[in-house]
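Residue numbers for the sequence shown follow our numbering, beginning at 2 and rising by one. Cβ coordinates follow ideal geometry from the N, Cα and C atoms, glycine included. Notes to accompany the following structure.
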Amino acid sequence: MRLRALLDTHSLGLTLLGSEEELDRTVRGVMTTDLRDPSRYLSGGELVLTGLAWRREAEDSERFVRILAGAGVAGLAAGEAELGAVPDDLVQACLRHRLPLFSVDETVSFASITEHVVRQVSSERAGDLAAVVDRHRRLMTSGPAGGGPEVVLDLLGSDLDLRAWVLSPTGRQIAGSSLAGAGPELPAELAARLAGEHLAAARAGRRGPHRISLGGATYSLFPIRHEGRDLRQTLLSDWLLAVEADAGDWPEERLDLLHGVTQLIAVERDRRDAARTVRRRLAQEVLELVQTGAPPAEIAARLRVAAPVLLPGLGAAPHWQIVVARVEWEGGDVPGGPVAQSLLEEVLVDPGTFGPEPSDRIAVAHTGDEAVALVPLPAVPEDSADATDGLHAEQLLRSVREPLGRGLADDGRLTVGVSASVHSAEGLRGALEEARHARRVAAARPGRVCAAGHEELASHVLLLPFVPDDVRRAFTARLLDPLRDYDRRHRAELIPTLEAFLDCDGSWTRCATRLHLHVNTLRYRVGRIEQLTGRDLSRLEDKLDFFLALRMS
Numbered sequence: 002m003r004l005r006a007l008l009d010t011h012s013l014g015l016t017l018l019g020s021e022e023e024l025d026r027t028v029r030g031v032m033t034t035d036l037r038d039p040s041r042y043l044s045g046g047e048l049v050l051t052g053l054a055w056r057r058e059a060e061d062s063e064r065f066v067r068i069l070a071g072a073g074v075a076g077l078a079a080g081e082a083e084l085g086a087v088p089d090d091l092v093q094a095c096l097r098h099r100l101p102l103f104s105v106d107e108t109v110s111f112a113s114i115t116e117h118v119v120r121q122v123s124s125e126r127a128g129d130l131a132a133v134v135d136r137h138r139r140l141m142t143s144g145p146a147g148g149g150p151e152v153v154l155d156l157l158g159s160d161l162d163l164r165a166w167v168l169s170p171t172g173r174q175i176a177g178s179s180l181a182g183a184g185p186e187l188p189a190e191l192a193a194r195l196a197g198e199h200l201a202a203a204r205a206g207r208r209g210p211h212r213i214s215l216g217g218a219t220y221s222l223f224p225i226r227h228e229g230r231d232l233r234q235t236l237l238s239d240w241l242l243a244v245e246a247d248a249g250d251w252p253e254e255r256l257d258l259l260h261g262v263t264q265l266i267a268v269e270r271d272r273r274d275a276a277r278t279v280r281r282r283l284a285q286e287v288l289e290l291v292q293t294g295a296p297p298a299e300i301a302a303r304l305r306v307a308a309p310v311l312l313p314g315l316g317a318a319p320h321w322q323i324v325v326a327r328v329e330w331e332g333g334d335v336p337g338g339p340v341a342q343s344l345l346e347e348v349l350v351d352p353g354t355f356g357p358e359p360s361d362r363i364a365v366a367h368t369g370d371e372a373v374a375l376v377p378l379p380a381v382p383e384d385s386a387d388a389t390d391g392l393h394a395e396q397l398l399r400s401v402r403e404p405l406g407r408g409l410a411d412d413g414r415l416t417v418g419v420s421a422s423v424h425s426a427e428g429l430r431g432a433l434e435e436a437r438h439a440r441r442v443a444a445a446r447p448g449r450v451c452a453a454g455h456e457e458l459a460s461h462v463l464l465l466p467f468v469p470d471d472v473r474r475a476f477t478a479r480l481l482d483p484l485r486d487y488d489r490r491h492r493a494e495l496i497p498t499l500e501a502f503l504d505c506d507g508s509w510t511r512c513a514t515r516l517h518l519h520v521n522t523l524r525y526r527v528g529r530i531e532q533l534t535g536r537d538l539s540r541l542e543d544k545l546d547f548f549l550a551l552r553m554s
């Protein structure tokens, strides 16, 4: 489409501020950004939408416009919501670089402009493909209102003989196309591998489509993402388009067509995210009530509102589980909460399910870098064959650990904690603390993707990773250093004797037998331990202190 056509659509709220002679430029796409330097996300021909958050002083306008002009963008549209009127220094910079500049009325959202441009550009681009003119016009105009990604992918199969799938970042299949004699489903292991390769390529800074050969077939992976934002904010929540073909051999027209497909699917993803607003708000309300110590009756009333939304047609009140997740990036400059929220909404879905709808049964809220999921479990009789004890931490991440680990690369971590199921509002506060504590246990383990569940919280030994290092060193030094020094000077083996004595629960006979010592020799060594440390190994408190010191050393 031409830039000029934007002014003919009054509902877009655009006003031309300069360079009218350039309005015949062709618009190939649209990107929203507030980055000071968005050049790495630009390929030329875009209409750039900006809220002007990058502008801190007048000189910034010249630098920003110079970058856009150098990248070959078609035009710039600046929102009025941040600064009011578009600043004159930006107007002058655009005039110098012959870059058409529009102001966007503050009552018009960038999403509305994006959807309009994507539809128009995609439709026109498809019409330019002579071999499949009519069918590809349908392809590009069949977006969200015409059946979603399934319709688009089916047309790819029928018109271009391409098998294609929309995958989540964990490799779960959202949609797929089918060809004659072949179903739309992609094997789960292959889908997870493709998702992992896509995430790794994106983190390495390679521009899509990414190509990979697996099982004798070549796949091209196209990102479906929010452009213009830090990659770490969106990568682990964005879908991808996997096509069974080598896009390296494609003409530019076909690549443009697939780019249009990804834009249409991105619009659909945004719509489905918006539909989750109610569930997210429900989760946030319940979480706030639980954390502020609200009366159980008030929490129960809110849960009664949530249950029909999350489990339509449910006859009895469900049981509930709480899952806590945290995404942390080195440097702390990228908020992890929204990413953790999107990840939980995906991870909590059975990886074997097909389509986007199963994730619409989970309510997830986020605060700071933490996301909290309220997971309903249908209440069934305990002796029923359908009875379940709910989610298990390790099973939860088993199929998604590999792709997510590649997306987190070497600077990110995902840690997850899972509570036991609770049957009433009174148990939610304890479940929340239990899930948070389990997540802290997971965080103490090595690895990029770690989880722990309530069943792992039975031993006090799990508390040791949370003791500060300086406290740990002081505690162990006070109890064990005198014994180590004595062992170095006299080769008395007091430390091994202490470990064996505690392991034998203080039994003189069993410990002497294990160490191949006479009981009197053992009593002499234990007496020396007590003399050097001022402790009494007949007292439970002192035994416990020595036990913890040995575990922390």
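For the pair Ala445 and Asp334, the Cα-to-Cα distance works out to about 22 Å. Counting along the chain, the unbroken alpha helix (DSSP H) around Gly431 starts and ends at 429-444. Sequence-distant partners of Gly73 (beyond 5 residues in either direction) whose C-beta falls short of 6 Å from its own C-beta, in its chain, are Gly45. CA-CA distance, Val325 to Leu375, rounds to 9 Å.
Within a 10 Å sphere around the beta-carbon of Tyr220 sit 16 or more other beta-carbons, which makes this residue buried. In the structure shown, Cys451 adopts extended strand secondary structure according to DSSP, grouped into three states. When Pro188, Ala246, Gly14, Ala205 are compared, the shortest CA-CA separation from Ile213 is found for Ala246. Beyond the five residues adjoining it in sequence on each side, Asp35 comes within less than 8 Å, by CB distance, of Thr51, Gly52, Leu53, Ala54, Trp55, Gly229 in the same chain, given in chain order. In the structure shown, the three-state DSSP call for Ser420 is coil. One thing to note: Val28 has its Cβ within 8 Å of the Cβ of Leu48.
DSSP places His367 in no alpha helix (DSSP H) but in the uninterrupted beta strand (DSSP E) bounded by 364-368.
Ala366 is a Cβ neighbour of Ala284, given a cutoff of 8 Å.
Shown here, Thr27 sits in a strand according to DSSP, grouped into three states. Between the C-alpha atoms of Leu480 and Asp506 there is a straight-line separation of about 19 Å. With contacts defined as CB atoms closer than 8 Å, Arg204 and Ala410 qualify as a contacting pair. When secondary structure is reduced to three states using DSSP, Gly177 falls in the strand class. Taking the Cα positions, Arg490 is about 22 Å away from His517. In this structure, the straight-line span from the alpha carbon of Trp321 to that of Gly448 is close to 29 Å. Between Ile323 and Ala432 a beta carbon distance of about 5 Å is seen, short of the 8 Å cut, so the two are scored as contacting. Pairing Ala501 with Cys512, the inter-Cα distance amounts to about 6 Å. By the neighbour-count criterion, in which 16 or more other beta carbons inside 10 Å mark a residue as buried, Thr171 falls on the buried side.
In this model, Asp471 and Ala301 are separated by some 44 Å (Cα to Cα).
In the structure shown, the three-state DSSP call for Thr115 is helix. Membership of Arg207 in any alpha helix (DSSP H) is not indicated, and neither H nor E is assigned to it by DSSP. When only Cα atoms are considered, Arg492 and Ser539 end up about 24 Å apart. When the Cα atoms are used, Val262 and Pro297 turn out to be separated by approximately 49 Å.
DSSP places Val348 inside the alpha helix (DSSP H), whose first and last residues are 338-348. Taking 3 residues as the minimum length, the beta strand (DSSP E) runs contained wholly in the stretch 77-113 are 102-105, in order along the chain. Counting along the chain, no alpha helix (DSSP H) covers Glu457, and no H or E run does either. Leu15 is bridged by DSSP to Val105.
For Val423, the number of other beta carbons within 10 angstroms of its own is at least 16, and it is reported as buried. Short of 6 Å from the beta carbon of Ala307, and not among the five residues preceding or following it, lie these beta carbons of its own chain, in chain order: Leu283. Inclusion of Gly197 and Arg407 in the CB contact set at 8 Å is warranted, their separation being smaller than that value. In this structure Gln264 is buried. Its beta-carbon is surrounded by 16 or more other beta-carbon atoms within 10 angstroms. It is roughly 11 Å from the alpha-carbon of Cys451 to the alpha-carbon of Gln396. The criterion of a C-beta distance shorter than 8 Å is not satisfied by Leu15 and Val92.
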